[in-house]
Amino acid sequence: MNSTVLVTGGAGYIGSHVCKALAANGFTPVSYDNLCSGNKDHVRWGPLEVGDIRDRARLSQVMKLYRPEAVLHFASLIRVGESVVKPAEYYDNNVFGTFCLLNAARKNGIRDMVFSSSAAVYGMPDTDMIAEGHPLRPVNPYGHTKLAMENMIRDYAAAYGLNYAILRYFNAAGADMSAEIGTAYKVDTHIIPLLMRVACGDMKEIGIFGTDYPSPDGTAIRDYVHVQDLAEAHILALRHIGKGNGRLTLNIGTSAGHSVQDVVDMARRVTKRPIPARTGPRRSGDPHQLVADAAQAGKLLGWKPLYSDLQTIVASAWRWQLRKTALDAGNEDIKYARAI
Ligand code: UFG
Numbered sequence: 590m591n592s593t594v595l596v597t598g599g600a601g602y603i604g605s606h607v608c609k610a611l612a613a614n615g616f617t618p619v620s621y622d623n624l625c626s627g628n629k630d631h632v633r634w635g636p637l638e639v640g641d642i643r644d645r646a647r648l649s650q651v652m653k654l655y656r657p658e659a660v661l662h663f664a665s666l667i668r669v670g671e672s673v674v675k676p677a678e679y680y681d682n683n684v685f686g687t688f689c690l691l692n693a694a695r696k697n698g699i700r701d702m703v704f705s706s707s708a709a710v711y712g713m714p715d716t717d718m719i720a721e722g723h724p725l726r727p728v729n730p731y732g733h734t735k736l737a738m739e740n741m742i743r744d745y746a747a748a749y750g751l752n753y754a755i756l757r758y759f760n761a762a763g764a765d766m767s768a769e770i771g772t773a774y775k776v777d778t779h780i781i782p783l784l785m786r787v788a789c790g791d792m793k794e795i796g797i798f799g800t801d802y803p804s805p806d807g808t809a810i811r812d813y814v815h816v817q818d819l820a821e822a823h824i825l826a827l828r829h830i831g832k833g834n835g836r837l838t839l840n841i842g843t844s845a846g847h848s849v850q851d852v853v854d855m856a857r858r859v860t861k862r863p864i865p866a867r868t869g870p871r872r873s874g875d876p877h878q879l880v881a882d883a884a885q886a887g888k889l890l891g892w893k894p895l896y897s898d899l900q901t902i903v904a905s906a907w908r909w910q911l912r913k914t915a916l917d918a919g920n921e922d923i924k925y926a927r928a929i
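Each residue of the sequence shown is one higher than the last, beginning at 590 in my numbering.
Structure follows, in structure tokens:
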């Protein structure tokens, strides 16, 4: 069997962790990435082909060269705030890019696709736990583009026989357990990487966005899922649809919520650093709670998170932060060894 798969966004945070898991499971991941936010040093488990998903000629050329059996599609712009001020870029990259990718896949006879979607497609939740059947009412352009991409994939599946697994991530977090790779963003707005930067003195303090939410401590609640568990879900999904069981839309989360204050406290405990925090107003567009009902992923794929307890997530992020700091200082081994 040809076990080569094309990974768009393979140099990014989630894409690179999935490439590592793919290689460990006997696949050859070919990363296709325009490097606008990914890191080429994180492409270690297969070739890197630099290219943009909107470049149909380049996509076809790479597909003809490697003849992948499936596409795992991560390449996407992902910042909610940025999507509000630059919607044109989001529709162009995310929606038009996915259109080009789907057509190239179709033209080249690739029938299986795993797609990186987001809890952002749900918008403001009606229920404490969000199941896949919850209404889809995204509240920002980022969420609108993810929903449009999902719909396009479902329409292509119905008309052209594409097999797909759409995975709706809740809060992807943490880093590779052996700290080989971690977050790859040039600019990060996510709470855990920012806390790690405060802990190592790179930033002065963390802002806590909102203390008047309807939660026990007043801060917003999220479902954090370890990126390695997330990667495993992709392997299971790929195998599942490869057996002809296409057309799967699944939440990937833990079904457990943690408040922002819980995360700050855990970061202080794990790093043993004070981590100054300043409370401030809510960030606009933030739901008060996003927790997955993730029962379907367990039932259909046999997926079970292994590293997604908050302590393991934060500890892995901290190990990566220490290694990255040492790498950036150009003295990886000595400094990293001293730091842990
Ligand atoms: N937060 C802070 N301070 C910060 C950063 C974040 O208090 O400096 C809070 C946020 O307000 C939120 C929580 O920490 O309550 C988590 O925020 P993140 O930015 O880490 O993640 P989001 O929940 O905003 O984002 C996630 C996914 C997105 C997805 C979104 C859906 O990463 O891809 O959920 O709402 F779009």
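Here a beta-carbon is modelled for each residue, glycine too, at the ideal position from N, C-alpha and C.
Contact with chain E by residue i, beta-carbon distance below 8 Å
i	result
Asp701	Considering every chain present, this structure includes no chain E. It has just one protein chain.
Any non-hydrogen atom of ligand 1 within 7 Å of residue i CB
i	result
Ser844	no
Ala809	yes
Ile603	no
Val849	yes
Ala820	no
Gly627	no
Phe663	no
Pro730	no
Arg656	no
Arg867	no
Ile719	no
His723	no
Leu899	no
Val683	One detail in the question is off: residue 683 reads as Asn in this sequence, not Val. Not so, every heavy atom of ligand 1 lies at least 7 Å from the Cβ.
Leu783	yes
Pro714	no
Arg726	no
Ala691	Per the sequence presented here, residue 691 reads as Leu, with Ala not at that position. No, Cβ of Leu691 sits at least 7 Å from all heavy atoms of ligand 1.
Short Cβ contact (8 Å threshold) for residue i with residue j
i	j	result
Asp806	Gly846	no
Tyr711	His723	yes
Ala708	Phe759	yes
Ser848	Ala883	no
Ala809	Asp898	no
Leu890	Ala822	yes
Ser605	Ser665	no
Leu837	Ile742	no
Val684	Met738	yes
Arg726	Asn840	no
Pro748	Val703	One point to set straight first is that residue 748 is Ala, not Pro, in the sequence displayed. The answer is no: Cβ separation not under 8 Å.
Ser592	Thr617	yes
Ile781	Asn614	no
Tyr534	Gly835	Nothing in the structure corresponds to residue 534, since the chain is present only between 590 and 929.
Arg645	Thr778	no
Gln885	Glu721	yes
Gly799	Arg871	yes
Chain-order list of residues whose beta-carbon lies under 7 Å from that of residue i (same chain, five-residue window excluded)
i	result
Met590	Because the pLDDT of Met590 is 47, which lies under 50, any placement of that residue in the model is unreliable, and the number read from its coordinates should be weighed accordingly. Taken in chain order, the list of residues that qualify is empty.
Leu654	none
Val728	Gly712, Met713 and Gly874
Gly919	none
Ser914	Correcting the residue identity first, residue 914 is Thr in this sequence and not Ser. Excluding sequence neighbours, Thr914 sits near Cys789.
Gly598	Gly604, Asp622, Gly627, Phe663, Ala664 and Ser665
Glu678	Leu666
Same chain only: Cβ atoms within 6 Å of residue i, ignoring 5 sequence neighbours per side
i	result
Gly763	His815, Val816, Ile902, Ser905 and Ala906
Asp917	none
Tyr745	Leu691 and Leu751
Ala694	Val660
Ala768	Arg908, Trp909 and Arg912
Proximal residues to residue i (C-beta, below 8 Å), its chain only, five neighbours per side dropped
i	result
Met718	Ser844, Val880, Ala881 and Asp882
Arg867	Glu794, Ile795, Gly796 and Ile797
Ile603	Phe663, Ser705, Tyr758, Ala761, Val816, Leu819 and Ala820
Val594	Leu611, Phe616, Thr617, Pro618, Val619, Pro657, Glu658, Ala659, Val660, Leu661 and Leu827
Arg643	Asp681, Asn682, Phe685, Gly686 and Cys689
Gly887	Lys893
Exercise. Touching or not, the segment 635-644 and the segment 606-625, by the rule of three or more beta carbon pairs under 8 Å?
Worked result: yes
For this session: Would you check if there are 3 or more beta carbon pairs closer than 8 Å linking the segment 785-797 to the segment 909-919?
Result: yes
Problem set entry | In chain order, each alpha helix (DSSP H) run of at least 4 residues that lies wholly inside the segment 721-796 | 730-749 and 780-788
Exercise. Along the chain, which unbroken stretches of the alpha helix (DSSP H) at least 4 residues long are found entirely within the segment 667-718?
Worked result: 669-674, 676-679 and 686-696
For this session: Could you tell me whether the segment 692-700 touches the segment 731-740, using the rule of 3 or more Cβ pairs below 8 Å?
Result: no
Exercise. Where are the beta strand (DSSP E) runs, 3 residues long or more, that stay fully inside the segment 831-855, in chain order?
Worked result: 837-841
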